[in-house]
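A.B. asks: Supplied in structure tokens, the structure appears directly below.
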Amino acid sequence: MRESSHLGATVTPLAGAGQRLAVGGPPLAGDDPDAGRARDAKPGAGLERTLLYVARTPDPLLCAYLKSRGWEIASARTVHEASRLVKPEAAYAGIVDLTGFAPREFAGLETILRLQQVGWIALTDDSRLTDAEVRRLIRHYCFDYVHVPVSHATLDYLVGHAFGMVSLCDLDTPGAAAASQDEDEMVGTCEAMQQLFRTIRKVANTDATVFISGESGTGKELTALAIHERSARRKATFVPINCGAIPHHLLQSELFGYERGAFTGANQRKIGRVESANGGTLFLDEIGDLPLESQASLLRFLQEGKIERLGGHEQIPVDVRIISATHVDLEAAMRDGRFRADLFHRLCVLRVDEPPLRARGKDIEILAHHVLHKFKQDSARRIRGFTPDAIEALYNYNWPGNVRELINRVRRAIVMAESKLISAEDLDLAHFTAQQTVTLAQAREAAERRAIEAALLRHRHRLTEAAADLGISRVTLYRLMGAHGLRDEKTFFGGEAENQAELPPDAQD
Ligand SMILES: Nc1ncnc2c1ncn2[C@@H]1O[C@H](COP(=O)(O)OP(=O)(O)OP(=O)(O)O)[C@@H](O)[C@H]1O
Ligand SMILES: [Mg+2]
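In structure tokens form, the structure reads like this:
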């Protein structure tokens, strides 16, 4: 974390942003860790120090001095001129001399003050500062302000600082550039996410069916897309279908299509989703909601590689790779007879487990910054980051809705924030800060739960190994899992575990 003490603003670039997995087509950033490092190596290195000087009456002596200090000066007398000088991809320091502008011109000035890539220093005098509008403009958009007259050396120092801040915030932050390009990138630096990225790369090389398990909002669909985009099928289509969102009586025809006249209203042939994915990948989301009738048809297709449209007699060969996902406990569904075990084994040749957000440690903060950079233009203010209490709340909160919930909270906060830093209150997480008294016992309990979850995740719920990591016996681990309500979550951690977890603790040690 880098901080600027000048304005008390905290700027947190996306640490470890080189470790992300871009889902979109090659070249893929996540494949080459050095590529990220090279880009991150020297903040601002090689950048020209350009200064935008907006003043009704520019001061030639000031310009000469700043030039002698190595600044490239772009001078503008009007808002229109200034906006023509700014190139979107460059960073600038800015001096705006408010003394020469009339109040009716402030609205126009605001449009250039809002430019994210200019670090503004305002020049003003006492009489201007009595104007509420001037105070607002300075508060919202400027790094600092000075009373005129001011020494040229002071201004040089201030614009240097503003330029450095803008270069850090907007250019050195890989998330800023990458987020706009890689709509579908996966961000993750913790061990669990690195493991996930390795798994994605491995399973992408095969054509076997993949089953993705994870809580709601953890990134199952994004993972399925990442696998497709990295597989030999990436040039063909990726067809997602949410089995839970389609009425049961329509699922058969949606999946397999129908022939003209197959039923009343079937006026023309319809190609089903399975067939439309031919050559590509079919992503069956919420597979646990597939009714038994469709489960039987899907199993037949997986065995034979052929489909039959409703009302048709032809067996049509279709070549698709199947990825499926669910957030429900399929093992329980199989035990209850709601899901066919033979279909599950066909679908789950390879298994991928999405870690819940609360078990991703530092990634929570990295993701929050990633979302902020992606959506900060939704706010008229120049939002620069999060307050310390917001960061604390991000870590203390349990994130039941995972990454999707984090995206929604940060996006909402961007709109609601009334200052340049997003607070815990803006995130609607004020109850999760230290101001909220936490007893030592509560803090210990939370830390214990986090450590247990992380160990279980690392060892895919294999209790012996997780217990060894934690330095406790298996019996103790089993008891603690019960106390923390973690015994039912085996569906999120992987397949190897279930037999062990079912055993009574004394039988296991
Ligand atoms: N590692 C990540 N980095 C960046 N964005 C992510 C990551 N994981 C998930 N997201 C984003 O979070 C949102 C939810 O992801 P996704 O739809 O893949 O989750 P899901 O597990 O399929 O959720 P659900 O169970 O509710 O269908 C999406 O906007 C996705 O782009
Ligand atoms: Mg989904």
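Residue numbers (the working numbering): 1 to 509. The beta carbon of each residue, even a glycine, is placed where N, CA and C say it ideally should be.
What does the alpha-carbon distance come out to for the pair residue 431 and residue 393?
C.D. replies: Their Cα atoms are separated by approximately 8 Å.
A.B. asks: Name the two residues that bound the continuous alpha helix (DSSP H) containing residue 392.
C.D. replies: Counting along the chain, the alpha helix (DSSP H) containing residue 392 begins and ends at 388–396.
A.B. asks: Return the first residue and the last residue of the beta strand (DSSP E) that residue 111 is part of.
C.D. replies: Careful: residue 111 lies outside any beta strand (DSSP E), inside the alpha helix (DSSP H) at 106–113.
A.B. asks: Applying the criterion that 16 or more other CB atoms from any shown protein chain within 10 Å of the CB defines a buried residue, is residue 154 buried or exposed?
C.D. replies: Exposed is the call here.
A.B. asks: Starting from residue 256, trace the beta strand (DSSP E) in both directions and tell me its first and last residue.
C.D. replies: Segment 248–256 is the alpha helix (DSSP H) holding residue 256; no beta strand (DSSP E) there.
A.B. asks: Look at the alpha carbon of residue 42 and the alpha carbon of residue 376, and state the distance between them as a whole number of angstroms.
C.D. replies: With a pLDDT of 33 at residue 42, under the threshold of 50, the modelled position of this residue cannot be trusted, and the question is left open.
A.B. asks: Any heavy atom of ligand 1 closer than 6 Å to the CB of residue 381?
C.D. replies: Answer for residue 381: no, Cβ out of range of ligand 1.
A.B. asks: Is the number of C-beta pairs between the region 240–258 and the region 185–200 that are closer than 8 Å three or more?
C.D. replies: Short answer: they don't touch.
A.B. asks: Please list, in chain order, all residues of the same chain as residue 141 whose beta carbon is under 7 Å from its beta carbon, the five residues on each side excluded.
C.D. replies: These residues qualify, in order along the chain: 113, 114, 120 and 382.
A.B. asks: Quick check on the DSSP output: the alpha helix (DSSP H) that includes residue 167 runs from which residue to which?
C.D. replies: Where residue 167 is concerned, there is no enclosing alpha helix (DSSP H), given that its DSSP letter is neither H nor E.
A.B. asks: Looking at residue 233: is its Cβ nearer than 7 Å to the Cβ of residue 305?
C.D. replies: No, these two residues do not count as a Cβ contact at 7 Å.
A.B. asks: For the region 121–132 against the region 91–107, are there 3 or more C-beta pairs whose distance is under 8 Å?
C.D. replies: At 8 Å Cβ cutoff, the stretches touch.
A.B. asks: Between residue 158 and residue 75, what straight-line distance do the alpha-carbon atoms span, to the nearest angstrom?
C.D. replies: Distance between the alpha carbons of residue 158 and residue 75 is about 18 Å.
A.B. asks: Excluding the five sequence neighbours on either side, which residues of its own chain have a C-beta within less than 8 Å of the C-beta of residue 319, listed in chain order?
C.D. replies: Hits under 8 Å: 278, 279 and 305.
A.B. asks: In three-state terms, what does DSSP make of residue 51?
C.D. replies: Of the three classes helix, strand and coil, the one that applies to residue 51 here is strand, per DSSP.
A.B. asks: If you count every other CB in all the chains shown that lies within 10 Å of the CB of residue 510, and 16 or more means buried, which is it?
C.D. replies: An answer regarding residue 510 cannot be provided, because it is not within the stretch 1 to 509 covered by the chain.
A.B. asks: Could you give the first and the last residue of the continuous alpha helix (DSSP H) run that contains residue 351?
C.D. replies: Per DSSP, residue 351 belongs to no alpha helix (DSSP H); it is in the beta strand (DSSP E), 350–353.
A.B. asks: Taking the straight line between their C-alpha atoms, what separation do you get for residue 224 and residue 323?
C.D. replies: Roughly 7 Å separates the two Cα atoms.
A.B. asks: Tell me which same chain residues have a C-beta within less than 6 Å of the C-beta of residue 455, skipping the five on either side of it?
C.D. replies: Cβ within range, chain order: 466, 469 and 470.
A.B. asks: Just the Cα atoms here: how many angstroms apart are residue 298 and residue 479?
C.D. replies: Their Cα atoms are separated by approximately 40 Å.
A.B. asks: Are there any heavy atoms of ligand 1 lying less than 6 Å away from the beta-carbon of residue 220, as far as the coordinates show?
C.D. replies: Yes, ligand 1 has a heavy atom inside 6 Å of this Cβ.
A.B. asks: So, at 6 Å on beta carbons, what are the nonlocal neighbours of residue 200 in its own chain, with the 5 sequence-adjacent residues on each side left out?
C.D. replies: The answer, listed in chain order, is 226 and 227.
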